[in-house]
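Residues in the sequence shown are numbered consecutively from 1, following the working numbering.
Where a beta carbon is used, it is the ideal one built from N, C-alpha and C, also for glycine.
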Amino acid sequence: MISQKMADAINVQIKEEFYSAYLYLAMAYKSEELGLKVFAEWFQHQEAEERMHATKMAQYLLDQGAEVTLLQLDQPKYDKSSISAMIDETVKHEKFITNCISDLVNLARDEKDNATFNFLQWYVEEQVEEVASVSELQDLVKLAGPDQLLILEERLRQLVAARNSAE
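What follows is the structure, encoded as structure tokens:
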């Protein structure tokens, strides 16, 4: 049985995952406004992944007989000045989420909650992939610079297609 302390911490993480989805949806809309449709699609894919992360955690709580509490989300705050700034914000945010997951893993270990510890390993692996993926995109955006964004969009289209075919 999951402790109340662990359930509360997972509920906070569910909020963080939904906030991530909300943030990436806002970035998708901003990318669309900037005429960067492939970036918008990439952010929409990220939004869907984050929603899935949240609902997977919620289902875990339900399976453990714990209550799911949906906490209030803040309005997304991020630098909207350029796609480069939004990607930088994304890297920063994914590193924050990685730290949150690490804190949950440590709590599960401290609580001697082996089931939750094992459940969270999927998120640990997912965050390694997320940070690597968005860091690669950050490098590409920096290399391309603002004058080469349309060329970069074509490269991103290829990366998205490869990721979608692997799923």
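Query - Start-to-end residues for the alpha helix (DSSP H) that takes in MET1 - result: Segment: none, MET1 is in no alpha helix (DSSP H) and carries neither H nor E.
Report task. Leaving aside the five residues before and after GLN44 along the sequence, list all residues of the same chain whose C-beta is less than 6 Å from its C-beta, in chain order. Result -> ALA28, listed in sequence order.
Query raised in the report: Sorted by chain position, which residues of the same chain lie with C-beta nearer than 7 Å to SER20's C-beta, five sequence neighbours on each side aside?
Result: The residues GLU50, HIS93 and ILE97, in chain order, have a CB closer than 7 Å to that of SER20 in the same chain once the five nearest residues on each side in sequence are set aside.
Query raised in the report: Between the stretch 100–114 and the stretch 5–15, do three or more beta carbon pairs fall short of 8 Å?
Result: Using a Cβ-Cβ distance cut-off of 8 Å, the stretch 100–114 and the stretch 5–15 are in contact, since at least three pairs of beta carbons, one from each stretch, lie closer than that value.
**Report entry** CB contact flag (ALA54, ILE14, <8 Å)
**Finding:** yes
Query raised in the report: When you compare each of THR116, LEU25 and GLU33 to ASP63 by their alpha carbons, which one comes out closest?
Result: Answer by Cα proximity: THR116.
Requested in this report: Using the Cα positions of VAL168 and ASP74, report the straight-line distance between them to the nearest angstrom.
Outcome: It is not possible to answer for residue 168, since the shown part of the chain is limited to 1 through 167.
Query raised in the report: Does the Cβ-Cβ distance between VAL141 and LEU152 come in under 8 Å?
Result: yes
Query raised in the report: From this set, PHE18, LEU36 and GLU136, which residue's C-alpha is nearest GLN148's C-alpha?
Result: LEU36
Query raised in the report: Among the residues of its own chain, which have a CB less than 6 Å from the CB of LEU134, if the five just before and after it don't count?
Result: Note that residue 134 is Val in the sequence shown here, rather than Leu. Once the five neighbours on either side are set aside, the close Cβ partners of VAL134 are THR90, VAL91 and GLU94.
Query raised in the report: What's the gap between the Cα of GLU32 and the Cα of VAL38?
Result: Spanning the two alpha carbons is a distance of roughly 8 Å.
**Report entry** Cβ-based burial, GLN46 [other Cβ within 10 Å; buried from 16]
**Finding:** buried
Query raised in the report: Pick from GLU17, VAL12, MET1 and ASN11: whose alpha carbon is nearest that of GLU126?
Result: GLU17
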